[in-house]
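**Q**
In my numbering, the protein residues as written are 1 to 309.
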């Protein structure tokens with residue numbers, strides 16, 4: 001089993017590290033355009049294998065896509081990171097070109113791979129990669145929902161003073177300010193969260209989740225990496241091990257939720273073929289309205305890319 005992570009920045013290196021530690025693949029290739037960066041980080045990950053007791057071999061390469069040949073899954077993290085005051089949408093002009101180039105080179109050497117996009121703005125970069133790859137939609141997806149629900153669950157665990165392991169949650173929509181957390185589908189060991197926390201406090205947590213990425217950018221001056229890298233690795237693991245786990249994942253919608261020709265986060269079953277099934281939840285009127293706002297926002301940025309093309 002072979003996995004490639006394109007982009008050896010903080011997110012990509014974290015993803016490669018988690019994949020190695022969990023022994024998800026025999027070989028993990030870390031690729032970057034900057035001389036020595038991928039080689040150094042891959043070597044560092046490999047050198048801790050005797051400490052953390054794993055066998056996965058990490059290999060770093062500089063812009064040599066021949067070394068990625070026959071990858072089972074490819075994670076694309078390349079792109080300009082978010083800066084303070086910058087929205088995800090501001091990134092489109094630069095990152096669309098990067099994701100397009102990466103996708104073209106990846107499919108040249110791994111025509112049967114499954115692609116997971118992490119680059120921002122996430123939903124539109126997934127669109128870019130899917131259009132370029134011309135793969136079935138089940139083989140090109142974006143990582144956002146796992147990260148967003150993780151933030152949501154972490155904040156709830158703090159408020160409830162319980163283990164985050166016991167919290168399950170779901171959200172829909174675009175990755176950004178118009179995401180749609182779903183308290184109705186949030187439980188703590190099977191107990192609806194609405195029975196454990198007051199509405200005003202829950203609303204505050206939902207709002208913090210929606211602005212979770214921005215909070216970290218303000219604190220650090222750049223985007224997060226531990227949680228995003230781990231979230232991407234969790235998707236890879238579900239696919240490689242055919243776990244058929246249910247996660248919120250960005251995918252091209254083809255009529256689900258009454259939406260076509262838009263890339264949004266929805267719950268799916270992840271297995272050996274990528275997205276095995278899209279799950280359509282029964283939404284109430286308020287949730288439908290919020291999802292429509294999210295759709296419009298993502299569609300606007302998709303239109304910007306279409307005009308660039």
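We put the CB at the ideal spot given by N, CA and C, even for glycine.
Nothing here was measured: the structure is a model prediction, and the numbers come from that model.
Answer with buried or exposed for residue 120, where buried requires no fewer than 16 other C-beta atoms within 10 angstroms of its C-beta.
**A** Buried is the call here.
**Q** Would you tell me roughly how many angstroms separate the C-alpha atoms of residue 26 and residue 37, rounded to the nearest one?
**A** Cα-Cα distance, rounded: 21 Å.
**Q** In or out: residue 9 buried (at least 16 other Cβ within 10 Å) or exposed?
**A** Buried is the call here.
**Q** In chain order, what residues of the same chain lie with their CB nearer than 7 Å to the CB of residue 160, ignoring the 5 residues before and after it?
**A** Only 188, 196 and 197 meet the Cβ criterion.
**Q** What did DSSP end up calling residue 159 once you bin it into helix, strand or coil?
**A** Residue 159 falls in the helix class under three-state DSSP.
**Q** So, with DSSP's three-state summary, where would you put residue 299?
**A** DSSP places residue 299 in helix when its eight states are reduced to three.
**Q** Inspect the CB distances between the stretch 62-77 and the stretch 111-120 and report whether three or more fall short of 8 Å.
**A** Touching, per the Cβ criterion.
**Q** Take the Cβ of residue 309 as the centre, count every other Cβ of all protein chains shown within 10 Å, and call the residue buried at 16 or more, exposed below.
**A** Result: exposed.
**Q** Just tell me which of 13, 124 and 182 has its CA closest to the CA of residue 285.
**A** That would be 182, whose Cα lies nearest to the Cα of residue 285.
**Q** Note down, one range per segment and in chain order, each alpha helix (DSSP H) of at least 4 residues found wholly within the stretch 52-116.
**A** Qualifying alpha helix (DSSP H) stretches, in chain order: 92-109.
**Q** Is it the case that the Cβ atoms of residue 145 and residue 265 are separated by a distance below 7 Å?
**A** A contact, by the Cβ cut-off of 7 Å.
**Q** May I ask you to list the residues that DSSP assigns as paired with residue 260?
**A** DSSP, once it has assigned bridges, lists 254 as partnering residue 260.
**Q** Please name the residue in 40, 306, 295 and 15 whose C-alpha comes closest to that of residue 176.
**A** The shortest Cα separation from residue 176 among 40, 306, 295 and 15 belongs to 295.
**Q** Does the Cβ-Cβ distance between residue 174 and residue 11 come in under 7 Å?
**A** No, these two residues do not count as a Cβ contact at 7 Å.
**Q** Start and end of the alpha helix (DSSP H) containing residue 237?
**A** Start and end: 226-240.
**Q** Can you tell me whether residue 212 is buried or exposed? The criterion is at least 16 other CB atoms within 10 Å of its CB, across all chains shown.
**A** Buried is the call here.
**Q** Residue 267 and residue 170: beta carbons closer than 7 Å?
**A** Result yes, Cβ atoms of residue 267 and residue 170 sit closer than 7 Å.
**Q** Hey, out of 32, 129 and 231, whose CA is closest to residue 68's CA?
**A** Of 32, 129 and 231, the residue nearest in Cα terms is 32.
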